[in-house]
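This report concerns only the one structure given below.
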Amino acid sequence: MPSKLGAPRGTQDFFPPQSARWIALESTIHALAGRFGYGEIRTPLFESTDLFVRGVGDTTDIVEKEMYTFTDRGDRSLTLRPEFTAPVVRAALEHNLFAQGPVRLYYLGPIFRYERPQKGRYRQSHQFGIECFGFAGPEADFEVISLAWNLITGYGIADAKLNLNSIGDDECRPRYREALLAHFGPHAASLSEDSRRRLDRNPLRLLDSKDPADAPFAETAPTFESVLCAACREHFEALKAYLSLAGIPFTVNSRIVRGLDYYNRTVFEITSEALGAQSTVLGGGRYDGLVRSLGGPDTPGVGFAMGMERFLMMIEALAPQAEPPRRGVQAIALGAQARAALVPVIAELRRALDVPTFADYQDRKLLAHLKLADRNGARYALIAGSEELAAGRLVLRDLQDRTDRHVPLGSGKDVAAAVVEATR
RNA sequence: GUGACUGUAGCUCAGAUGGUUAGAGCGUCGGACUGUGAAUUCGAAGGCCGCCGGUUCAAUUCCGGUCAGUCACCCCA
Numbered sequence: 002m003p004s005k006l007g008a009p010r011g012t013q014d015f016f017p018p019q020s021a022r023w024i025a026l027e028s029t030i031h032a033l034a035g036r037f038g039y040g041e042i043r044t045p046l047f048e049s050t051d052l053f054v055r056g057v058g059d060t061t062d063i064v065e066k067e068m069y070t071f072t073d074r075g076d077r078s079l080t081l082r083p084e085f086t087a088p089v090v091r092a093a094l095e096h097n098l099f100a101q102g103p104v105r106l107y108y109l110g111p112i113f114r115y116e117r118p119q120k121g122r123y124r125q126s127h128q129f130g131i132e133c134f135g136f137a138g139p140e141a142d143f144e145v146i147s148l149a150w151n152l153i154t155g156y157g158i159a160d161a162k163l164n165l166n167s168i169g170d171d172e173c174r175p176r177y178r179e180a181l182l183a184h185f186g187p188h189a190a191s192l193s194e195d196s197r198r199r200l201d202r203n204p205l206r207l208l209d210s211k212d213p214a215d216a217p218f219a220e221t222a223p224t225f226e227s228v229l230c231a232a233c234r235e236h237f238e239a240l241k242a243y244l245s246l247a248g249i250p251f252t253v254n255s256r257i258v259r260g261l262d263y264y265n266r267t268v269f270e271i272t273s274e275a276l277g278a279q280s281t282v283l284g285g286g287r288y289d290g291l292v293r294s295l296g297g298p299d300t301p302g303v304g305f306a307m308g309m310e311r312f313l314m315m316i317e318a319l320a321p322q323a324e325p326p327r328r329g330v331q332a333i334a335l336g337a338q339a340r341a342a343l344v345p346v347i348a349e350l351r352r353a354l355d356v357p358t359f360a361d362y363q364d365r366k367l368l369a370h371l372k373l374a375d376r377n378g379a380r381y382a383l384i385a386g387s388e389e390l391a392a393g394r395l396v397l398r399d400l401q402d403r404t405d406r407h408v409p410l411g412s413g414k415d416v417a418a419a420v421v422e423a424t425r
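Take 2 as the starting number for the first sequence in my numbering and just add one per residue.
Below, the structure written as structure tokens:
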């Protein structure tokens with residue numbers, strides 16, 4: 002590499018044609034969220050560190066070791082956002098949005114986590130997510146999940162799986178914790194080192210351990226469903242009924258626990274085999290206590306976050322892109338005189354056409370220009386050389402049909418109109 | 001943070017048990033085929049063989065470190 006200046010570890014650059022896939026996905030998302038009645042929120046890339054410590058949970062991995070935290074010149078501790086939910090709640094509180102009833106927002110943008118990169122995991126990645134505040138009932142859970150499912154099925158992703166679980170509320174979670182301790186405690190000596198450490202800290206985590214040493218105990222652990230309080234059970238059952246009615250397939254997976262502290266009741270994930278070890282493309286759940294814990298009114302909430310890189314990876318693996326059709330016009334000028342005649346035409350074409358107008362301003366042979374047209378995937382070549390100038394008409398060649406036609410060489414506007422007419 | 005594997009041209013990759021000027025294909029640029037497209041043909045440019053150090057008469061090759069990439073663990077989107 003000629004330069005020592007490379008992109009920082011775990012970050013990446015996107016060029017055409019890859020960048021076009023991002024644009025396409027983003028516009029699909031804007032349209033989908035709009036149809037569900039969600040409006041876009043844009044928050045700062047960095048926030049007060051304290052927001053994440055309080056919002057995400059000070060014992061989570063994100064806060065303990067993954068944040069990009071720095072001190073600014075005013076001695077404030079700031080952090081590049083590692084997730085969106087806490088900033089969204091902060092913004093909504095700051096602008097008093099919750100005083101006006103339910104709030105539906107979606108977001109799109111980069112997040113930052115200091116992690117070792119691997120397949121589907123980066124230090125700067127991008128998330129799309131939605132937040133639905135103000136509804137305590139399972140209808141909101143259903144709405145959020147069905148928006149996610151719409152996006153998946155819209156791309157025809159066949160191998161995507163929806164996993165669902167309930168992790169209870171303040172009433173039943175302590176009970177479950179005790180049940181887990183009673184189950185795992187006696188076998189502590191046989192558990193993996195990681196799991197022994199997690200045992201009293203966050204016993205829920207033992208359930209999704211991949212360590213073979215833990216497998217036999219995780220298999221036989223009591224499920225959360227078995228200790229759910231009546232209210233949580235009712236909520237969960239109603240959500241499942243809504244999903245079944247809508248024909249959204251799901252699996253109740255008692256090992257889904259999610260990593261952030263603020264979740265309660267419903268948690269869910271959408272996974273795909275195409276993603277390697279980082280198989281979760283989308284994850285979310287209910288967070289009824291979060292707004293209050295950040296100093297706001299008692300406002301229930303439910304939402305999800307989706308990894309854009311992972312989603313793109315998934316659709317590329319499962320629905321390979323077809324060769325894009327030829328489109329646009331390559332403007333070809335042979336010589337300085339022709340170039341001078343063509344420049345105003347190019348300007349007009351770019352005003353009149355909604356497909357690209359390509360132009361190369363170097364002195365090349367016709368052959369070279371036509372090769373450029375091929376590389377650009379142009380449908381037409383508009384050729385201006387000395388012969389054309391003398392005859393007062395340009396050649397418009399259809400590169401797909403290999404047929405030629407002529408357009409009279411008048412003002413830029415006239416030529417553009419003729420090309421528009423001819424390529425219609 | 002831990003582990004494994006990898007680092008040679010813009011890209012994909014050869015290569016030498018350590019020994020003069022490190023190769024190919026693709027791409028780029030130029031010429032040929034009188035101005036009509038994915039071709040053919042000839043030629044050229046382009047490499048601190050990731051970086052630093054060690055061993056050696058000699059290192060791109062061996063050793064150590066470091067940085068980066070890939071994948072996995074941890075964890076998550």
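Backbone N, C-alpha and C define an ideal beta-carbon position, used for all residues, glycine too.
>> Could you pull the DSSP bridge partners for Ser78 from this structure?
In response: Thr72
> Beta-carbon separation of Gly56 and Leu291 under 8 angstroms?
Replying inline: yes
> Quick one, which of Ala189, Leu165, Ser191 and Arg202 has its alpha-carbon nearest Arg178's?
Replying inline: Arg202
> Residues in its own chain within less than 6 angstroms of Asp289 by CB, not counting five upstream and five downstream?
Replying inline: Asn265 and Pro301
> Tell me the DSSP bridge mates of Cys133?
Replying inline: Arg105 and Val303
> When the Cα atoms are used, what is the spatial distance from Gln128 to Pro326?
Replying inline: 30 angstroms
>> Can you look up Phe269 in the DSSP assignment and give me helix, strand or coil?
In response: strand
> Under three-state DSSP, which class holds Asn427?
Replying inline: This structure cannot settle anything about residue 427, because the visible part of the chain is limited to 2 through 425.
> Are Leu400 and Ala423 close, meaning C-beta to C-beta below 8 angstroms?
Replying inline: no
> Per DSSP, what kind of secondary structure is Ile146 in: helix, strand or coil?
Replying inline: helix
>> Quick check: the region 146-166 against the region 180-195, are at least 3 beta-carbon pairs closer than 8 angstroms?
In response: no
> Applying the criterion that 16 or more other CB atoms from any shown protein chain within 10 Å of the CB defines a buried residue, is Arg380 buried or exposed?
Replying inline: buried
> Residue ranges of each alpha helix (DSSP H) run of no fewer than 4 residues wholly in the region 278-364, ordered along the chain?
Replying inline: 291-294, 309-319 and 337-353
> Touch check for the region 253-262 and the region 51-71: three-plus C-beta pairs under 8 angstroms?
Replying inline: yes
>> Three or more C-beta pairs under 8 angstroms: does that hold for the region 402-417 against the region 345-357?
In response: yes
> By a C-beta neighbour count over all protein chains shown, 10 Å radius and 16 as the cutoff for buried, is Arg311 buried or exposed?
Replying inline: buried
> Which residues in the same chain have their Cβ closer than 7 angstroms to the Cβ of Phe305, if we skip the five residues on either side of it in sequence?
Replying inline: Gly130, Ile131, Val145, Ala149, Leu283, Gly284 and Gly285
> What first and last residue would you give for the beta strand (DSSP E) that runs through Tyr381?
Replying inline: Tyr381 to Ala385
> What does a CB cutoff of less than 8 angstroms around Ser294 pick up in its chain, not counting 5 residues either side in sequence?
Replying inline: Arg55, Gly56 and Tyr263
>> Does the contact criterion of 3 or more C-beta pairs under 8 angstroms hold for the region 162-172 versus the region 227-243?
In response: yes
> Among Leu81, Glu388, Ala382 and Ile30, which one has its Cα closest to the Cα of Asp402?
Replying inline: Ala382
> How far does the beta strand (DSSP E) with His407 in it reach, from first residue to last?
Replying inline: Thr404 to Pro409
> What's the gap between the Cα of Val90 and the Cα of Gly329?
Replying inline: 45 angstroms
>> Let me confirm a value: Asn254 is counted as buried when at least 16 other C-beta atoms fall within 10 Å, else exposed. Which label applies?
In response: buried
> Using the C-alpha atoms, what's the distance from Gln279 back to Ser20?
Replying inline: 23 angstroms
> In or out: Gln331 buried (at least 16 other Cβ within 10 Å) or exposed?
Replying inline: buried
> Is Phe113 near Tyr69, with beta carbons less than 8 angstroms apart?
Replying inline: yes
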